[in-house]
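Protein chains: 2
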Amino acid sequence: MQQAFVRVQKIRFFGLAVALLAFAQLANAQAIDPLPSWNEGKAKQSIIDFVKEVTKEGSADFVLPAERIATFDNDGCLWSEQPMYFQLFFAIDRVKALAHQHPEWENNEPFASLLKGDIKAALAGGKQSLLEIIMVTHAGMTTEEFEQIVKDWVATAKHPVTKRHYTEMVFQPMLEVLAYLRANGFKTFIVSGGGIEFMRPWTEAVYGIPPEQVVGSSVKTKFEMREGKPVIVRLPELNFIDDNEGKPIGINQHIGRRPIAAFGNSDGDLQMLQWTTAGEGSRFALYVHHTDAEREWAYDRDSHIGRLDKGLDEARQKGWTVVDMKQDWKVIYPHDLK
Amino acid sequence: MQQAFVRVQKIRFFGLAVALLAFAQLANAQAIDPLPSWNEGKAKQSIIDFVKEVTKEGSADFVLPAERIATFDNDGCLWSEQPMYFQLFFAIDRVKALAHQHPEWENNEPFASLLKGDIKAALAGGKQSLLEIIMVTHAGMTTEEFEQIVKDWVATAKHPVTKRHYTEMVFQPMLEVLAYLRANGFKTFIVSGGGIEFMRPWTEAVYGIPPEQVVGSSVKTKFEMREGKPVIVRLPELNFIDDNEGKPIGINQHIGRRPIAAFGNSDGDLQMLQWTTAGEGSRFALYVHHTDAEREWAYDRDSHIGRLDKGLDEARQKGWTVVDMKQDWKVIYPHDLK
């Protein structure tokens, strides 16, 4: 009897607690705009409509929380990518930092030009030059050493135009989308052409996305014992390019289920958006269109970085959401908030 | 004023709700043994001690919930693996199902022997034979088709000795460990030599582990359009072997942080346990030792499947937990529960 009484009391307490929490959440939901940095309009409304649709129990479009997977490109979608990918600034800074160990670079391209500050000449060799720069700066150390190198760089390096830390150049409206989706039971993933281990050291603090929810390009690695201690060593060999067709492949490999929402900004995200929207039930695809030359950058069909051409046509044809950065966003970066 | 009053009321309701929930959880924690299928003893106590250690706020060993990563081998650790890996039974069943499309198999090894029921002869060709069997049964279809094939097999196929569905042959005591860890804020992952897409269709229902927390071996895949619809096609080429040195590599690739607890049963798990325990702070490693010839199987140093030799020595030397299945487990499978 005594036990039964305690059990009933526990159930009562629990029921009351749940009811009160539900009330508190309801009150919150009514009071707060989930996307305050978005101007009212089609883009904002499409996000809210989709979230309401898939989270309304009993509706035909309801999606179980476990299936609420949302994937986000990083460069140009969650943070800026001009005048070049931020990871390339990282690589160049590393070349400079490592130059004293490599006197031969003074006479070898692409390093010689890079050290003279002539990035254009350094990259004139195309993909091969780029790969050489990436490999000498992203391989040859353990995963833990590389993590520390990235953390130090992120904490100190500044963008040449804005003079801000790179992680300050994330898009406030997209941070709100991430938080809004998570508050509605979504699991948010990054699926980026950028290096997976270049992103993981800071995505949790900056985006609230933990390392295990980051998918990206990678180099091969090797497990070995060093003085009885296991280490993982980064090798100067590409393992996976998480771009274009690589994005659905990477999603399938890492996540193992199809997203119901995907966010990108370039043709490199097109296959991810196609893959996402080809699933059954309610689906959502969004392109960030960089239209704001004043507060950020304006570029699309002719840009070498973040080209949005085929994707823009397909988005319009299929009715995907296209964000007009200039019109739709009240602010760009968190530090723009007054 | 009105608004401020509502806000204060909301905070009060919320505070009360949280307090009541905490009370209900505390009462539950005191009442229930988290590992009821484990006999009292060193193994059980070591699990409970570790969990208390890393979850006690303010203690030196406290680990933030986000860092509470636990990885589990599958074959022989979460379910049985005798008289051969269950995925091999799947492959053989698939060869039989596909035989009518391949009349040439009647004269070609390893298929001819397999179709006559002589598995030993079929596998006499070693790794090459095995690879051929895996490739014809695991590639050539889309990922969605393969998922359905696995689901159908899991729902119907029976183990030749126990006559049970394979997913009934999971270890009840390990299900309790998974649930106990998750109740204490851990994220549980599978890290298995088995096929990643062979496991994902059923791990969520059976273990409570969602697809995105399953790491395993894989074949290469290809994204393509079929009649305007994107598909991912499985190719007959190995992509990654998630065993031995592959386990820390797979963990680093998929999870991106080092586990604080790892569970295995064979030498193939040794590098995962080494990698896990080499991290700083409190760490936990456990080997399931198959010692119960009556209720399950007994094997270790000389077994071709799930060999536990070097790992057993290292576990004893380093003080890792070694579960004596016969002594430590009250029941083996969920259906043994009375």
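Just so you know, the sequences run in chain order E and B. Anchor point for the first sequence: position 159 equals 273 in the working numbering, and the numbering is continuous, going up by one each time. Anchor point for the second sequence: position 294 equals 408 in the working numbering, and the numbering is continuous, going up by one each time. Backbone N, C-alpha and C define an ideal beta-carbon position, used for all residues, glycine too.
Own chain, CB closer than 8 angstroms to residue i, minus 5 neighbours either side, in chain order
i               : result
E394 of chain B : none
D442 of chain E : W152, N153, G155, A157, K158 and P287
E290 of chain E : P148, L149, P150, S151 and W152
L295 of chain B : V165, R182, A184, T302 and A375
I455 of chain B : One cannot answer for residue 455 of chain B here, as it falls past the ends of chain B, which runs 115 to 452.
A205 of chain E : I247, I248, T251 and H252
K432 of chain B : T391 and A399
K124 of chain E : Note that K124 of chain E has pLDDT 49, beneath the 50 cutoff, so the model's placement of it is unreliable and the number below is only indicative. None.
Residue burial classification, residue i (beta-carbon count within 10 angstroms, cutoff 16)
i               : result
S173 of chain B : exposed
V275 of chain B : exposed
Q262 of chain E : exposed
M439 of chain E : buried
V437 of chain E : buried
Q367 of chain E : buried
N222 of chain B : exposed
M339 of chain B : exposed
Q117 of chain E : Because the pLDDT of Q117 of chain E is 47, which lies under 50, any placement of that residue in the model is unreliable, and the number read from its coordinates should be weighed accordingly. Answer is exposed; the Cβ neighbour count stays below 16.
M115 of chain B : Note that M115 of chain B has pLDDT 37, beneath the 50 cutoff, so the model's placement of it is unreliable and the number below is only indicative. Exposed, because fewer than 16 other Cβ atoms sit within 10 Å of the Cβ of M115 of chain B.
L178 of chain E : exposed
I146 of chain B : exposed
V122 of chain E : Legend: pLDDT at V122 of chain E = 45, less than 50; position of this residue unreliable, no value from coordinates given.
Y447 of chain E : buried
E408 of chain E : exposed
E326 of chain E : buried
Q201 of chain E : buried
E258 of chain B : exposed
G342 of chain B : exposed
K361 of chain E : buried
E218 of chain B : exposed
E171 of chain B : exposed
T455 of chain B : Because chain B here runs from 115 to 452, residue 455 of chain B falls outside it and cannot be looked at.
Interface residues of chain B facing residue i [CB-CB closer than 8 angstroms]
i               : result
P362 of chain E : F337, P344 and I346
Cβ shell of residue i (< 7 angstroms), same chain only, five flanking positions each side left out
i               : result
K424 of chain E : D381 and L384
W434 of chain B : L387, A399, L400 and Y401
S160 of chain E : T435
F119 of chain E : For F119 of chain E, the predicted model reports a pLDDT of 44, less than 50, meaning its position is unreliable; a value from the coordinates is still stated below. Closer than 7 angstroms at Cβ, skipping near neighbours: no residue.
E195 of chain E : D189, I419 and G420
V445 of chain E : S151, Q286 and L451
D356 of chain E : V305, S306, G307, V329, G330, S331 and G364
L352 of chain B : V333
M283 of chain B : W193, S194, H273, T276 and Y447
Per DSSP, cross-strand counterpart(s) of residue i
i               : result
Y413 of chain B : Partner(s): none; Y413 of chain B has no beta bridge.
R340 of chain E : E:K343
F203 of chain E : None; F203 of chain E has no bridge partner.
D189 of chain E : E:W193
F312 of chain B : Bridge partners of F312 of chain B: none, in fact.
F176 of chain E : Per DSSP, none; premise fails for F176 of chain E.
I183 of chain B : B:K301
G378 of chain E : E:Y401
R348 of chain E : E:T335
F354 of chain B : B:S332
Contacts of residue i in chain B (Cβ-Cβ under 7 angstroms)
i               : result
Q262 of chain E : Within chain B, no residue comes near Q262 of chain E; the closest Cβ sits about 14 angstroms away, beyond 7 angstroms.
A392 of chain E : K343 and P344
Q388 of chain E : P344
Partner residues on chain E for residue i, Cβ-Cβ distance less than 9 angstroms
i               : result
S332 of chain B : Q367
R314 of chain B : G370 and R371
Under 9 angstroms by beta carbon: chain B residues contacting residue i
i               : result
Q385 of chain E : F337 and P344
E326 of chain E : I183, K301, F303, E326, Q327, H368, I369, G370 and R371
E359 of chain E : K336, F337 and E338
Under 8 angstroms by beta carbon: chain E residues contacting residue i
i               : result
T257 of chain B : N366
A180 of chain B : E318 and P324
Cβ neighbours of residue i in the same chain (closer than 6 angstroms, five flanking residues each side left out)
i               : result
A293 of chain E : none
T169 of chain E : N298
M249 of chain E : P350
R415 of chain B : D423
Q215 of chain E : none
Minimum Cβ-Cβ distance from residue i to chain D less than 9 angstroms
i               : result
I310 of chain B : Protein chains in the displayed structure are E and B, and chain D is not among them.
Length at least 4, wholly inside the region 218-282 of chain B: the alpha helix (DSSP H) runs in chain order: 225-229, 233-236, 241-252 and 257-270
Length-filtered (3 minimum) beta strand (DSSP E) runs lying within the region 421-448 of chain E: 435-438
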